[in-house]
Amino acid sequence: CRRKLTNHAAVSAGSAASAVLLFKAGPSHAATANTGTSSSNINGNPFEPAMRAFKFWRRVGPIVLHYKLTKTWFQMKGANAAPEVRAATWNRLHEMHAQHSLDVILEL
Numbered sequence: 004c005r006r007k008l009t010n011h012a013a014v015s016a017g018s019a020a021s022a023v024l025l026f027k028a029g030p031s032h033a034a035t036a037n038t039g040t041s042s043s044n045i046n047g048n049p050f051e052p053a054m055r056a057f058k059f060w061r062r063v064g065p066i067v068l069h070y071k072l073t074k075t076w077f078q079m080k081g082a083n084a085a086p087e088v089r090a091a092t093w094n095r096l097h098e099m100h101a102q103h104s105l106d107v108i109l110e111l
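When we follow my numbering, the leftmost residue of the sequence shown carries the number 4, and every step to the right adds one.
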């Protein structure tokens, strides 16, 4: 079961880090991840892929924007920031968005 779960998470999320998060998430998320069914066109709805894409970007878009704005801010205003300040800022950003990102991965 562990190997199957890790493989599914790596395919879904595209990274080993997400596989670790999924494995640590517990049995409720593991049961969702192990169903092996694709949600696209289950009910024969031809708009399902487009609806999934919209739902994904509606939920992930603000996260991507937050990261991009932070990167731009560091390039423009925070260029002289100490490495510790940069690391602390990125860590806060990761902690702020980690759970929501995992939820999106597991839902879609």
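C-beta atoms are modelled at their ideal positions from N, C-alpha and C, and glycine is treated no differently.
Report the residue from the options whose alpha carbon sits nearest the alpha carbon of residue i.
| i | options | result |
| --- | --- | --- |
| M99 | P52, V67, E87 | V67 |
| W93 | K71, G64, A56 | K71 |
| E110 | G47, R55, F50 | R55 |
What three-state label does DSSP hand residue i in the structure shown?
| i | result |
| --- | --- |
| F77 | helix |
| N83 | coil |
| F57 | helix |
| G64 | helix |
| L111 | coil |
| N48 | coil |
Where residue i and residue j are concerned, what is the direct C-alpha to C-alpha distance, given to the nearest angstrom?
| i | j | result |
| --- | --- | --- |
| F59 | H103 | 12 angstroms |
| V107 | R62 | 7 angstroms |
| E51 | A82 | 44 angstroms |
| A90 | G64 | 23 angstroms |
| N48 | L105 | 26 angstroms |
| K74 | E87 | 15 angstroms |
| M79 | A101 | 26 angstroms |
Quick check: is the beta carbon of residue i nearer than 8 angstroms to any beta carbon in chain D?
| i | result |
| --- | --- |
| G64 | Protein chain content of the structure displayed is limited to a single chain, and chain D is not contained in it. |
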